[in-house]
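Written below as structure tokens is the structure these notes are about.
2 protein chains.
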Amino acid sequence: MRQYLKMDEWSIIEESFDPSTHEISESIFSIGNGYMGQRANFEEQYSGASLQGSYMAGVYYPDKTRVGWWKNGYPEYFAKVLNSTNWIGIHVLLDGVALDLAQCEVKEFVRELNMKEGFLSRRFTAVMEDGKELRVEAVRFVSMKRHEIGAIRYAVTPLNFSGIITFVPYLDGDVKNKDSNYEEKFWLEVEKNAGPERSYLTLKTKKLDFHVTSVMSFDVTKNGTALELQPVLVENEKYVSSEVSFETAKDETLTLYKYVANVTSRDHGLGQLVEAGTAALSAAKSAGFDVLLQEQADTWAEKWKGSDIIIEGDVSAQQGIRFNIFQLNQTYTGEDDRLNIGPKGFTGEKYGGSTYWDTEAYCVPFYLSTADSSIARNLLIYRYKHLEKAKENARKLGFTKGALYPMVTMNGEECHNEWEITFEEIHRNGAIAYAIYNYVNYTGDKAYLGQYGLEVLAEISRFWEERVNFSKEKGKYVMLGVTGPNEYENNVNNNWYTNRIAVWTLEYTLEVLEELSKHEPARYKELVEKLGLREEETSKWKDIIANMYYPLDNERGVFLQQDGFLDKELVPVKELAPEHLPLNQNWSWDRILRSCYIKQADVLQGLYFLGDRYDLETKKRNFDFYEPLTVHESSLSPCVHSILACELGYQEKAYEMYLRTARLDLDNYNNDTEDGCHTTSMAGTWMAVIQGFAGLRVHNNELVLRPFIPSHWKSFSFNVMFRGATLKVSVGENSITVTNETDIPAAVRIYGESYRVEGHGKVAAERSQAVL
Amino acid sequence: MRQYLKMDEWSIIEESFDPSTHEISESIFSIGNGYMGQRANFEEQYSGASLQGSYMAGVYYPDKTRVGWWKNGYPEYFAKVLNSTNWIGIHVLLDGVALDLAQCEVKEFVRELNMKEGFLSRRFTAVMEDGKELRVEAVRFVSMKRHEIGAIRYAVTPLNFSGIITFVPYLDGDVKNKDSNYEEKFWLEVEKNAGPERSYLTLKTKKLDFHVTSVMSFDVTKNGTALELQPVLVENEKYVSSEVSFETAKDETLTLYKYVANVTSRDHGLGQLVEAGTAALSAAKSAGFDVLLQEQADTWAEKWKGSDIIIEGDVSAQQGIRFNIFQLNQTYTGEDDRLNIGPKGFTGEKYGGSTYWDTEAYCVPFYLSTADSSIARNLLIYRYKHLEKAKENARKLGFTKGALYPMVTMNGEECHNEWEITFEEIHRNGAIAYAIYNYVNYTGDKAYLGQYGLEVLAEISRFWEERVNFSKEKGKYVMLGVTGPNEYENNVNNNWYTNRIAVWTLEYTLEVLEELSKHEPARYKELVEKLGLREEETSKWKDIIANMYYPLDNERGVFLQQDGFLDKELVPVKELAPEHLPLNQNWSWDRILRSCYIKQADVLQGLYFLGDRYDLETKKRNFDFYEPLTVHESSLSPCVHSILACELGYQEKAYEMYLRTARLDLDNYNNDTEDGCHTTSMAGTWMAVIQGFAGLRVHNNELVLRPFIPSHWKSFSFNVMFRGATLKVSVGENSITVTNETDIPAAVRIYGESYRVEGHGKVAAERSQAVL
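Residue numbers (my numbering), protein chains in the order written: chain A, 105 to 876; chain B, 105 to 876.
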């Protein structure tokens, strides 16, 4: 944990340059636009420690699997988030000497991520070894409006000398992934050209044949006046550059504007890449940097309108929550239904893959409430499109029917290889089913079920049907050999959460079938035929629903995480000597496994998902039993505890849980932010505020609110989108107001009272001071 | 499975050359002397597929661990069985053209492993591309008497031409391990010299600084007359050779005698290696090839006297059992208590490590019965010497006391890295304790307990004490998160076998303490002090013994393999469609885990070890329950089933189980013999015959026999050693005779009747035809 960033409501600001935190900053100050992303690497040469990262969404590499001991069923590859052409690079030379912040004195350094308007800026004065001082001011962004465009303004001013300043903007495709399994490079050169007007470079991946073309062009001005350019052009292996040099007098400002279009074969035909890139680039360059930057601010203003959270009285919390919302919006815009939300977004390459169950469990709620419903819908359609692959995956593991979605994927194929997770953490199937329910419940878009939802639900139900078996011993259905959300237990029998979400899937699938048969009989018939759904299957589902086994502790009245949980020594985390924590750094794996300690909400995850099926007393008993045993060594854990704590009136506990992830990356809480930000868990922090502190739910087509204000805050307000309306919810000391910023009326329920918020109308309610 | 070897009682014979089975033959025809071993690679150049392997016992390489996902507690390295200098190499050239069996026609090829006398021979006629025919006859062995010496006689006769024949005997240290984790070579050159009298090459390992020196010398005769040699000497990187050429007329026989001494820094000081090697080499060379070969035959005659099994009426079985006995005697001679028995002996590099629990569970019984008791004792002392490392290992995994022996080791340190095995297959500790009991029971050497045994027992007992925990739920001690002998279950709770062997260890340790306090009070006091053994510890052990939980099925009257076993679908193996088998090639790992199928005897392993504590009815119920569920996909499984089947009178089942491993490698039953032979499981086959068919046990200081003859055999007889006597046991159609080949009398019990077999005496008993 290291706090070195300045508190500010709208920006992340670093006020001096420290090479030891540079890689952390490279993660935190990353920029992205859902289509591409870029770590906060320096434009100019930097010979210090740095993790270079330029990522194109959906472009990945199937890196040959590396394991110690092969297990049947492992996939052949792990999909790596692919470091692509370095398009930001600009060498800067002063009288032939390269500017390099590892090789000079750095003064007045400020790096700022302007989250309100969506750009990264950096300014500093470099004192070269020979005493020359150069002032640098750089701004860059990847355009939210023109998703293939990145733009950089790089201005230098000699402060105490006159001389020749050289800029070498370049495209460098000779890059590698730090996490390559066999230290290979993943790219081959296809074509390149360094030209006076524009240069380009096309690479393709060694496998899968992804093509990426980067096209660059640039202008240079001196004190605002455009200069004529006669660049020296260089072409090397996977590299093109243009070199321009200018006599520059003291206090003159030389500004380079670098425009780049990055286009991929995901969106353009193989023969059209250079043309498409050139067209996008030309349009952007004609618009000019200032216009592009204004577009960026406007687009972000629109994003913030739907998703902002305003906290009064706590700048640190304000900055933290805005950072999370900003990163989520940078990572996924929902415009491309082939994309998803990788665990590190565009801020690092670690873990690989783009899609985990994090998406359904944590990100879908965020996008449901903060964006047009089409965005969350696209996340659902992503899985619909992978249904055939999920069926293949189930076949590969020996199932005769049904679908098992992968633990980690890029294209629908499983690419993870750790048996206790890949093969056994099958509750992910439940989260994918649940997201369909969640979406339909939130949006009211029942048509989705007939269009896409039911097919996914039915195939998942078939999987559960075959995955359980009937225990003669228990006279019940059981589910053996699974890993629940709590990955500090492996290969257990009858994980309560998995059994429960499986049965819930069956129940919901039957409910959807019933509804469909009533309201869309033609589509129902069509789907039953397409699925080949037989009555004996639905009967079996009903039998499983009626006869599923759940491990219980009747004495305590709690659901047991899995069979045998009570055989463990139950010692609360707080009684552990501090040197044992975190367990994952101090205990051998077997010791963790046989201990009672819980990495991540498991039974409680189920009580959160199925919150309307359990009464408060049940939630309380389970929370009181499991919370003291939970170490929260997954960043996806505290939000669920926080939300439940809010429901139970444990306000201090809720706030404590919220704090554990609110500034996870900004404060480098887990000492690993240099690898990238914990993007998906950011949605969890958002959930803690909106579903926790504000108590937001959707029930019976009403937006339900039951807010309280953490004692450290004065008030908070936020925007949410609900069934076409954008609502501003303000939680003040004494009252709650909901203002409708659209002309679409909305049904809202505050502390149990129903209200209709008319278009552009407002309702107010007294704030309940009650604990529950 | 592929049967291409000729049936013969004393030899393994291959009668034609087939490159597609060459690597299998390289494993099967391996030679070794407990100090070094050599796969049956060809002496002359061979450009076809071949796994080169020259191994020096105890010389290994700590290869950096390779895993997919690191788990806390994993060791940094995996100890690799190290492919060392190729010392057998002899290039043969005919008028400058290299003899290479992949490049010429091969006629009249015969390869023979003479097990009676312990050498490998090969003869063939090579027809070169230009039509020249050359007859080759080669014999080689590694000396059982002079363990650093290997010798080769390589004779060539031109059959249809006269010309220049060139021999290039060489030493080549530029070798690699096929299983290197990062494709590294493991050796560095230290020194070398190619000389007219002798050449040598010293290498050292890149880590751990093992030095190996090979010294070679040679003679050449023509038609039996020694030739004067003026070799052309070559020194290259890690390579020395001597080239000699001779005009050779048609039908003249040119014979090269190559003598090599391989000496290591395990036995000699670093500065003395060349000297020691040269001395050993000179002595061997002066003795001459024929004398060395006679010594070899004599030494093997002695080995066979203690360990032979003679089967009448079944040549295939005869060959199979002799091959197993031969390989075991080649692998471990017991002369060096720092050595052990690797899973592939000296026949391949796969799996790495030299010591698994195979040693205690399967090999100790073999050496107890077939060799002087000092041999098995050395295997025990091996573990005694590793006690400190085993304590360190337990500390590393978080235990405050006690010892956990490694799953796989070379020097006492754990080098395995698969959490469910490395950390959880802790029953190995029980086998190590059991071997002490087994040794003392067989030999009567109670002094061993005070000298070495008790310390090991006490530290293992302490481990169990800390590894169990008290379940409030059950009111019993439980053992959570283990993997039993059946590795088709991982991370289970209360594996019956592990719980049972843990409690047995505590019982036996207390018994030994009691005995020692009575009979060796001074040593007792000394040991209690050395161990710091406290009364509260032994009380705790008694409490655990009294209150251990064992999973049971009271209805069926069987011990349950682990908690929850009865929740599985219990479908006998024979009801599985054949395409599912073997499961490990056809099912994904999770499917195997949640199935009822058993890889290797687990509960039954316990009933075998603790056979005198369970009545036949109990054994029968458990056998009848588990045998149909067992797939025997470990070669260590069938022997235990075979032995129990014999006890239960299931003679056909016993024979069926025996057959599954009797010729495992000779018939390449598992399609993996090219990687090396299944050396440790060979002891299991021996057990099936001696402890199974002959029913040999030691009980109350008597050698117990209860033989039957498999219906496919006419009779069988075998030699066993028991308390100083060598007994020949003949099981004939109507009678059992036991002949004492020494002057030490022995107590024998046949079908429940006690006999005293006087020195050089004989007893006979009628053979029982009863089933039980």
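Backbone N, C-alpha and C define an ideal beta-carbon position, used for all residues, glycine too.
Simplified DSSP assignment, three categories, for residue i
i, result
"ILE117(B)", "strand"
"LEU831(B)", "strand"
"ASP667(A)", "coil"
"PRO273(A)", "strand"
"MET884(B)", "Given that chain B is displayed from residue 105 to residue 876, the structure contains no residue 884(B) and the question cannot be resolved."
"ALA384(B)", "helix"
"VAL675(B)", "coil"
"MET232(A)", "coil"
"HIS126(B)", "helix"
"LYS454(B)", "coil"
"VAL210(A)", "strand"
Beta-carbon spacing of residue i, residue j below 9 Å
i, j, result
"LEU198(B)", "THR270(B)", "yes"
"ILE415(B)", "ALA421(B)", "yes"
"GLY157(A)", "PHE427(A)", "no"
"HIS531(B)", "TRP645(B)", "no"
"GLU496(A)", "GLU517(A)", "yes"
"TYR541(B)", "ASP549(B)", "no"
"GLY424(B)", "GLY172(A)", "no"
"VAL279(B)", "ASN187(B)", "yes"
"PHE663(B)", "ASN726(B)", "yes"
"ASN603(B)", "PHE567(B)", "no"
"GLY715(B)", "ARG810(B)", "no"
"THR435(A)", "GLY141(A)", "yes"
"ASP112(A)", "GLU148(A)", "no"
"ALA242(A)", "ILE253(A)", "no"
"LEU614(A)", "THR642(A)", "yes"
Start-to-end residues for the alpha helix (DSSP H) that takes in residue i
i, result
"SER621(B)", "600 to 623"
"TYR653(A)", "Note, TYR653(A): premise wrong, no alpha helix (DSSP H); not H, not E."
"ALA475(B)", "Where ALA475(B) is concerned, there is no enclosing alpha helix (DSSP H), given that its DSSP letter is neither H nor E."
Per DSSP, the bridge partner or partners of residue i
i, result
"LYS878(A)", "Nothing can be reported for residue 878(A), as the shown portion of chain A is limited to 105 through 876."
"TYR150(B)", "Paired residue(s): none; TYR150(B) is not in a bridge."
"GLY136(A)", "GLY141(A)"
"ARG170(A)", "Answer by DSSP bridge pairing: none, since ARG170(A) is not bridged."
"PHE245(A)", "ALA255(A)"
"LEU198(B)", "VAL201(B), ILE269(B)"
"GLU237(A)", "VAL231(A)"
Residue i - containing beta strand (DSSP E), residue span
i, result
"SER411(B)", "It is not in any beta strand (DSSP E) - SER411(B) instead sits in the alpha helix (DSSP H) that spans 393 to 411."
"SER575(A)", "573 to 575"
"VAL596(A)", "Per DSSP, VAL596(A) belongs to no beta strand (DSSP E) and is neither H nor E."
"ASN844(B)", "839 to 844"
(message) In chain order, what are the residue ranges of uninterrupted alpha helix (DSSP H) at least 4 long that sit wholly in the region 747 to 789 of chain B?
(response) Counting whole runs of 4 or more residues, the region 747 to 789 of chain B contains the alpha helix (DSSP H) stretches 755 to 766.
(request) May I have a chain-ordered list of the beta strand (DSSP E) segments no shorter than 3 residues that lie completely inside the region 327 to 379 of chain A? (result) Listed in chain order, the complete beta strand (DSSP E) runs (minimum 3 residues) inside the region 327 to 379 of chain A are 336 to 340, 343 to 352, 358 to 368.
(message) Quick check on the DSSP output: what are the complete alpha helix (DSSP H) runs of length 4 or more inside the region 286 to 332 of chain B, in order along the chain?
(response) Entirely contained in the region 286 to 332 of chain B, not one alpha helix (DSSP H) run reaches 4 residues.
(message) Please give me, in chain order, every unbroken run of the alpha helix (DSSP H) with length at least 4 that falls completely inside the region 489 to 547 of chain A.
(response) Runs of the alpha helix (DSSP H) inside the region 489 to 547 of chain A: 491 to 500, 523 to 526, 532 to 547.
(request) Ignoring anything shorter than 4 residues or poking outside the region 681 to 761 of chain A, list the alpha helix (DSSP H) runs there in chain order. (result) Every unbroken stretch of the alpha helix (DSSP H) spanning 4 or more residues and falling wholly within the region 681 to 761 of chain A is given here in chain order: 687 to 690, 693 to 698, 707 to 713, 720 to 730, 742 to 751.
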